[in-house]
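Colleague: Submitted below is the structure of interest, expressed as structure tokens.
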Amino acid sequence: MGKRIVTEKDVEGLASRGVIEVDSGMIVTPLAREFAMRQGIRLVYAEGSVPSAESVPGDPGSGSRGPNDDRLRKVIAEEVVRALGSSSDAGRRFIPSYSPLAEDDAAQKIAAHRAGEPNRAIVVATGRNQPGVAAALTSAISDCGTDIQDISQTIVSNFFSMIFVVNLDTLKGGMNFKEFKASVEQAGRGVGAEIMVMHEAILKAMHRI
Amino acid sequence: MIYRPEEISETIRMVEAEHLDIRTVTMGICMLGCPGKDPETVYKYIYNMVTSNAGRLVDCAAEVENMYGIPIVNKRVSVTPMALVLEGAPRESFLAAAQALERAAVECRIDYIAGFSALVQKGATSGSAMLMRSLPEVLAATTRVCCSVNLASSRTGINLEATAIMGEVMSETAHRTKHGAGCARLVVFANAPEDNPFIAGAMHGVGEPDVVINVGVSGPGVVLAAIERQKRLESSLMDCQTLSEIIKRTAFKITRAGELIGREVVARLGPPVRFGVLDLSLAPTPAEGDSVAAIIEAMGIERVGAHGTTAALYLLTEAVKKGGVMASSSVGGLSGAFIPISEDAGMVDATRLGIMTLDKLEAMTAICSVGMDMVALPGDTPPSTIAAIIADELAIGVINHKTTACRLIPIPGAKPGDTVDLGGLLGELIVMDTKKCDVSTFIARGGRIPAPMNSLRN
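Structure representation (structure tokens):
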């Protein structure tokens with residue numbers, strides 16, 4: 001069902017009545033609302049109507065995000081009265097504005113924040129070049145179930161430096177970062193390479209704003 | 210590549226060669242819920258509170274260290290100032306509290322636990338007075354408990370009566386512990402911050418939530434290396450803005466690393482632990498190159514303590530703060546530069562040469578974050594002179610609206626110029642000379658030096 005957009009012009013046209021009734025089939029543009037306010041025209045929202053045009057893109061179907069402010073306030077007030085009424089010391093009870101235990105969900109917040117972030121490690125290997133160095137390191141990395149996303153390599157005379165960006169999302173079941181680090185370090189020792197493994201987050205923190 | 214190889218190698222270099230580390234992750238624990246005042250209840254409550262909250266601190270920190278490759282040097286605990294917890298308690302309860310802190314620290318594998326403290330900037334309650342008087346015994350009986358007393362503030366002025374008492378307490382503590390080492394765990398403050406993560410002056414203020422993690426980032430070595438590198442790149446002499454810019458950029462990176470690690474530790478510990486503040490202080494260690502003095506010398510001052518040192522320190526401290534504040538919205542604590550004499554190789558050298566003197570140090574404390582830190586005094590320094598040194602330092606803090614502190618160590622039997630090695634992080638002490646004048650009448654006046662004009666800000 002299409003909605004009727006109420007623009008500044010429409011409000012102007014209806015101005016003589018002093019009151020405009022907005023129902024759920026209407027969307028009042030911000031400009032129209034501002035105009036109405038300036039002209040002293042009251043916008044009366046019918047139940048279930050959309051008080052703001054901003055909600056339209058997210059929710060075009062129902063046309064409603066919930067009860068309007070007045071109704072919401074009323075519902076909350078009723079709930080509060082009921083909650084207070086049911087307790088013996090109603091009115092005197094101190095209701096803390098927050099509980100430190102319940103509110104502080106830093107861990108979850110961080111975990112949720114992380115969920116969208118890449119979980120990658122940076123592996124840096126340096127040492128004297130010899131046959132099989134790259135093979136030893138890449139196979140150690142793939143043995144852990146992880147996927148190499150990027151490699152950079154420099155060889156100066158006899159020495160090499162390799163940087164791997166490794167995706168940790170596919171780390172083999174039961175393996176954690178510490179074990180991954182240990183197993184790559186061990187592979188490095190086998191071929192005389194100095195290994196440094198760090199989580200990507202530290203680089204991001206230090207070098208990206 | 211997502212990161213340029215230079216960025217990756219810079220990070221590695223900072224950690225491996227330039228001593229980038231997280232100096233301390235300090236857990237602050239509120240102790241205000243103590244259900245009783247008798248020694249047994251106090252002991253049990255404190256022991257349980259520390260071990261239940263901080264039991265996993267060392268392990269969690271180790272996991273995070275491993276993940277990011279950046280060492281967390283110290284894991285420590287601070288508690289609510291004990292004078293508040295024990296107000297009205299008998300003397301035995303104070304000793305029981307100290308023992309509980311000591312044992313809990315051992316249990317949690319923590320080297321120092323702080324908060325055996327009192328706040329007496331305007332006047333001492335009977336509990337605070339009892340705590341101050343118990344300090345020599347507490348410091349002699351423990352090895353991990355750190356004590357502090359806030360003697361002054363910009364709002365209240367200086368409590369000279371309590372300052373005189375602390376002069377005596379320091380003197381007595383020195384005589385009851387070997388080489389006076391107990392005094393290394395005793396700090397007096399003006400304007401003590403409530404969220405400082407750095408031992409020995411840490412405490413968990415009354416305005417803080419139940420449990421917080423405060424992080425002290427450090428890295429004088431990294432700042433020094435950045436300056437040295439730029440010096441090699443520039444053909445002409447760097448001006449002060451350029452210098453400031455390099456320090457700012459480095460401080461920014463250090464701070465970002467610190468915040469990441471602090472928040473990660475908090476996430477691992479889980480509720481009710483919250484992230485508190487990042488303290489941006491540059492804290493030196495006796496390790497080669499990890500020195501604030503060396504940064505000042507790299508700026509072109511031949512030796513720290515020479516003329517120009519105070520200005521160079523101002524440049525450094527301000528730049529560190531500006532870079533850090535840009536990097537994090539949770540900056541707090543002391544946030545400046547530490548200039549402990551014994552813990553900084555450059556400071557030790559300059560003191561040995563007689564270039565760094567007590568007077569110059571005092572001037573520097575008007576700018577840096579703490580104050581007369583780890584200053585060794587001759588063993589025969591009278592308590593009134595110790596109190597007078599403290600009072601001078603407090604005056605600088607009060608009038609400048611900043612934190613200042615004194616950690617003075619009168620070493621029994623030592624003469625000016627003597628060297629005493631306290632070992633470990635505490636480093637090597639060179640005994641400094643004091644002025645041999647009588648100031649006892651001034652100190653004996655007692656009372657309170659009234660608050661400065663600029664305290665009337667309302």
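Residue numbers (the numbering used here), protein chains in the order written: chain S, 1 to 209; chain Y, 210 to 667.
A virtual CB, placed ideally from N, CA and C, is assigned to each residue, including glycine.
Taking all protein chains shown into account, do 16 or more other C-beta atoms lie within 10 angstroms of the C-beta of T650(Y), making it buried, or fewer, making it exposed?
Modeller: exposed
Colleague: What's the gap between the Cα of T386(Y) and the Cα of A349(Y)?
Modeller: Separation of T386(Y) and A349(Y) (C-alpha to C-alpha, rounded to the nearest whole angstrom) is 6 Å.
Colleague: In chain order, which alpha helix (DSSP H) runs of at least 4 residues are fully inside the stretch 216–263 of chain Y?
Modeller: 248–263
Colleague: Any C-beta of chain Y within less than 9 Å: which residues of the stretch 128–159 of chain S qualify?
Modeller: Q149, D150, I151, S152, T154
Colleague: Going along chain S, which residues have a C-beta under 8 Å from T220(Y)?
Modeller: M198, I202, L203, M206, H207
Colleague: Mind reading off the beta-carbon distance from D419(Y) to P481(Y)? Whole number of angstroms is fine, and I expect it under 8 Å.
Modeller: Confirmed, Cβ separation roughly 5 Å.
Colleague: For A333(Y) and I374(Y), I'd like the C-alpha separation in whole angstroms.
Modeller: Taking C-alpha positions only, A333(Y) is separated from I374(Y) by approximately 11 Å.
Colleague: Give, in chain order, every residue of the stretch 266–290 of chain Y whose Cβ lies closer than 8 Å to some Cβ of chain S.
Modeller: E272, N275, M276, Y277, G278, I279
Colleague: Give the single residue among E200(S), R4(S), S24(S), P131(S) whose Cα lies nearest to the Cα of N167(S).
Modeller: E200(S)
Colleague: Tell me whether E8(S) sits in a helix, a strand or coil according to DSSP, three-state version.
Modeller: Residue state, collapsed to three classes: helix.
Colleague: Thinking just about the alpha-carbon of each residue, which of L489(Y), I564(Y), I550(Y) is nearest to the one in S537(Y)?
Modeller: Comparing alpha carbon positions, the residue from L489(Y), I564(Y), I550(Y) closest to S537(Y) is L489(Y).
Colleague: For S142(S), which residues in the same chain have their Cβ closer than 8 Å to its Cβ, ignoring the five residues on either side in sequence?
Modeller: Setting aside the 5 residues that flank it on each side, S142(S) is surrounded in the same chain by I148, each with a C-beta closer than 8 Å to its C-beta; the list follows chain order.
Colleague: Answer yes or no: do A307(Y) and T351(Y) have a C-beta to C-beta separation smaller than 8 Å?
Modeller: yes
Colleague: Nearest to A134(S) by CA position, among R73(S), R189(S), N119(S), is which residue?
Modeller: Each of R73(S), R189(S), N119(S) was checked against the Cα of A134(S), and the nearest Cα belongs to R189(S).
Colleague: How about P214(Y): is its C-beta nearer than 8 Å to some C-beta of chain S?
Modeller: yes
Colleague: Just reading off the alpha helix (DSSP H) that E179(S) is part of, what are its end residues?
Modeller: 177–190
Colleague: Is A496(Y) close to chain S? Criterion is C-beta to C-beta, closer than 8 Å.
Modeller: False, the Cβ-Cβ gap to chain S never drops below 8 Å.
Colleague: Taking Cβ positions, are C269(Y) and L478(Y) nearer each other than 8 Å?
Modeller: yes
Colleague: Apart from the five residues just before and just after N262(Y), which ones in its own chain have a Cβ nearer than 7 Å to its Cβ?
Modeller: M236, I238, V420
Colleague: Once you ignore the five residues that flank M196(S) on each side, which residues in its own chain have a CB closer than 6 Å to its CB?
Modeller: These residues qualify, in order along the chain: V124.
Colleague: Am I right that G192(S) and L171(S) are in contact with their C-beta atoms under 8 Å? What's the rounded C-beta distance?
Modeller: With 8 Å as the limit, G192(S) and L171(S) do not qualify as a contact, their Cβ atoms being about 26 Å apart.
Colleague: Do you know how far the Cα of V607(Y) is from the Cα of D647(Y)?
Modeller: 24 Å
Colleague: Tell me where the alpha helix (DSSP H) around S593(Y) begins and ends.
Modeller: 592–609
Colleague: Give the range of the alpha helix (DSSP H) segment to which Y523(Y) is assigned.
Modeller: 518–536
Colleague: Among V501(Y), E249(Y), R657(Y), which has the Cα closest to the Cα of H228(Y)?
Modeller: V501(Y)
Colleague: At a cut of 8 Å, does the stretch 285–299 of chain Y reach the stretch 317–337 of chain Y through at least three beta carbon pairs?
Modeller: Judged by Cβ distances under 8 Å, the stretch 285–299 of chain Y makes contact with the stretch 317–337 of chain Y, as three or more pairs qualify.
Colleague: Where do the ends of the alpha helix (DSSP H) carrying E637(Y) lie?
Modeller: It is not in any alpha helix (DSSP H) - E637(Y) instead sits in the beta strand (DSSP E) that spans 636–639.
Colleague: State the start and end residues of the unbroken beta strand (DSSP E) segment that holds Y45(S).
Modeller: 42–45
Colleague: Mapping DSSP to helix, strand and coil, what is R561(Y)?
Modeller: helix
Colleague: Leaving out the 5 sequence neighbours to the left and right, which residues in its chain are closer than 6 Å to E377(Y) when beta-carbon positions are compared?
Modeller: P592
Colleague: Out of G533(Y), A596(Y), I605(Y), which one is the CA nearest neighbour of G655(Y)?
Modeller: A596(Y)
Colleague: Work out the CA separation of R120(S) and D169(S) for me, nearest whole Å.
Modeller: 8 Å
Colleague: Looking at T464(Y) and S532(Y), is the spacing between their C-beta atoms short of 8 Å?
Modeller: Note that residue 532(Y) is Gly in the sequence shown here, rather than Ser. Contact: yes.
Colleague: So for E370(Y), helix, strand or coil by DSSP?
Modeller: In this structure, DSSP gives E370(Y) a helical state, which the three-state scheme calls helix.
Colleague: Against V19(S), what residues of chain Y qualify as contacts under a CB-to-CB distance less than 8 Å, listed in chain order?
Modeller: Near V19(S) there are no residues of chain Y at all, since even the closest Cβ is about 47 Å away, more than 8 Å.
Colleague: Among R561(Y), Y256(Y), D230(Y), P248(Y), which residue has its Cα nearest to the Cα of N275(Y)?
Modeller: D230(Y)
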